[in-house]
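S.K.: Numbering-wise, numbering that gives the first Met the number 0 puts 112 at position 113 of the sequence shown, and it's gapless, one number per residue. For every residue, glycine included, the Cβ atom is placed at its ideal position computed from N, Cα and C.
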Amino acid sequence: METWREKSNHNNQIIISTLSAVVGIVLMIVSYDSINLNDISRTPGFMLGIFIFILGIYLFLMNSTQEIIINPNERLIKINDTNRFHTRSRTIAFDEVAKIKIGYLGKNSNFVENYYLVLTLKNGEECSLFGPGFYGINKRYLAEERKDRLWKYLKSNN
Numbered sequence: 000m001e002t003w004r005e006k007s008n009h010n011n012q013i014i015i016s017t018l019s020a021v022v023g024i025v026l027m028i029v030s031y032d033s034i035n036l037n038d039i040s041r042t043p044g045f046m047l048g049i050f051i052f053i054l055g056i057y058l059f060l061m062n063s064t065q066e067i068i069i070n071p072n073e074r075l076i077k078i079n080d081t082n083r084f085h086t087r088s089r090t091i092a093f094d095e096v097a098k099i100k101i102g103y104l105g106k107n108s109n110f111v112e113n114y115y116l117v118l119t120l121k122n123g124e125e126c127s128l129f130g131p132g133f134y135g136i137n138k139r140y141l142a143e144e145r146k147d148r149l150w151k152y153l154k155s156n157n
């Protein structure tokens with residue numbers, strides 16, 4: 000089997016952070032003209048705009064890239080998370096994985112669904128792979144395909 004290598008979509012995170020900052024600015028501009036001491040009902044809109052703007056800037060600064068390398072020859076899963084300030088790496092041996100589950104983040108009612116893999120290690124620790132925000136798996140069958148593919152790698156004897 001060949002090495003399975005995936006890198007997160009950096010552009011999705013930039014779009015979301017930029018959109019958040021722009022929405023925050025628009026809310027602040029729309030609410031600013033209407034703020035006065037006698038009409039406190041419009042101040043929450045301005046404060047929400049500040050919050051969303053700061054959140055967008057934070058997301059932009061903390062924008063990170065995740066790379067997952069599944070190497071059947073070395074029988075290792077390597078996870079590298081890199082942002083503007085640091086890099087964090089983790090290595091998991093195939094033999095440490097007890098089971099694989101599919102994690103879910105979102106709600107059907109607002110049409111925001113994200114699926115990802117959760118490795119349960121033999122020591123009970125859980126580790127997420129292909130996490131929401133990095134890969135954008137919004138269909139369960141795609142997560143099932145990744146789960147099946149990963150099981151094949153874990154069970155191979157290379």
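Using C-beta distances below 7 Å, list every residue in its chain close to Ser-16, excluding the 5 sequence neighbours before and after it, in chain order.
M.R.: Gly-55, Leu-58, Phe-59, Asn-62
S.K.: In this structure, how does DSSP classify Glu-112 when only helix, strand and coil are distinguished?
M.R.: strand
S.K.: Do Val-117 and Leu-153 have their beta-carbon atoms positioned less than 8 Å apart in this structure?
M.R.: no
S.K.: Helix, strand or coil for Glu-238, going by three-state DSSP, please let me know.
M.R.: Since the first and last residues shown for the chain are 0 and 157, residue 238 lies out of range.
S.K.: DSSP has Asp-94 in a bridge; who is on the other side?
M.R.: None, per the DSSP bridge assignment.
S.K.: Between Asn-70, Ile-28, Asn-8, which lies nearest to Leu-149 when the distance is taken from Cα to Cα?
M.R.: The option with the nearest alpha carbon to Leu-149 is Asn-70.
S.K.: Which term fits Arg-145, buried or exposed, when burial requires 16 or more other beta carbons within 10 angstroms of its beta carbon?
M.R.: buried
S.K.: One question on the structure: do Lys-77 and Thr-90 come within less than 8 Å of each other, judged by their Cβ atoms?
M.R.: yes
S.K.: Our contact map puts Tyr-115 next to Phe-129 with C-beta atoms below 8 Å; I'd like the distance itself, whole angstroms only.
M.R.: 5 Å
S.K.: Only counting the same chain, and skipping five residues up and downstream in sequence, which positions put a Cβ closer than 7 Å to that of Ser-30?
M.R.: Arg-41, Gly-44, Phe-45, Gly-48
S.K.: Report the partner residues of Gln-65 according to the DSSP bridge assignment.
M.R.: Within the DSSP bridge table, the entry for Gln-65 names Asp-80 as partners.
S.K.: Suppose you measure from the CA of Ala-20 to the CA of Asn-11; what does that come to, to the nearest Å?
M.R.: 14 Å
S.K.: For Asn-122, collect the residues of the same chain with a Cβ closer than 8 Å to its Cβ; drop the 5 residues on either side in sequence, then sort them by chain order.
M.R.: Glu-95
S.K.: Span of the beta strand (DSSP E) holding Glu-198?
M.R.: As shown, the chain starts at 0 and ends at 157. That puts residue 198 outside it, with no answer to give.
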